[in-house]
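The numbering of the sequence shown is our numbering, which starts it at 1302 and goes up by one.
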Amino acid sequence: MIMIKKLKDIKIGLQRDIKDINCPVESVNFADVLEQIKTSQNLKGITEAIRAAKDKDERSRLKAKLPAVIISANTVCRKASDDDERTGLIFIDLDGADNEGIDLVAKVQAMHYPWLIGYMISPSGDGVKVLCGIQPELETHLRSFMALDSLVRMPSVSRMCHMIPMLTRL
């Protein structure tokens, strides 16, 4: 049986400083994270700097200042733990560099799938993060990712590169 939770009841993992190995992962309300993304002047400043960056190295350095959001679980660990509570959420990243000439926002808006919850523009400004609902079980997480990725993403050689961070989380 699938249990549907209200957005305000969903908790996820958040690590505020990914460069500091002593920085804890916190269990936080997903709705609060979305509100921070929408209203935080600090996050807005970092995002504007990322979008203005002249090269990939500078963008990567700036992106490392953003908090890590672990959307797939209510967790206090960077790696999967037996104590994790699966959220049933996953992000699929559509990278603008892999989809030159394609209006990714229009592509996502044209999708009418019951599992597609929403999307947001990536910090770089040229990609889209697509929020999807999946079965909240660790055993099916990778299969769900692969299935959604093949439906949402345009075929791309760099697809495996996008999987590496997700696989290390398992």
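Using N, Cα and C, we set each Cβ at its ideal position, and we do this for glycine too.
Quick caveat: nothing in here was measured; it's all calculated off a predicted structure.
In the three-state scheme derived from DSSP, where H, G and I count as helix and E and B as strand, E1359 is classed as helix. Under the 8 Å Cβ criterion, the region 1337-1344 does not count as touching the region 1383-1392, having fewer than three qualifying pairs. The C-alpha of Q1342 is placed about 27 Å away from the C-alpha of Q1410. For a cut-off of 8 Å, the C-beta gap from S1423 to D1394 is around 7 Å, short enough to register as a contact. C-alpha of D1427 to C-alpha of G1397: approximately 5 Å in a straight line.
When DSSP reads this structure, A1353 sits in no beta bridge, so it has no partner.
Using a Cβ distance threshold of 8 Å, L1390 and L1439 do not count as a contacting pair. Taking a 10 Å sphere around the C-beta of K1320, we find fewer than 16 other C-beta atoms and assign the residue as exposed. Counting along the chain, the unbroken alpha helix (DSSP H) around A1407 starts and ends at L1405 to Q1410.
Membership of S1445 in the alpha helix (DSSP H) is indicated by the continuous run L1439 to V1453. Looking at the backbone, the Cα of I1418 and that of I1371 are separated by about 17 Å. The beta carbons of V1334 and L1363 sit no closer together than 8 Å.
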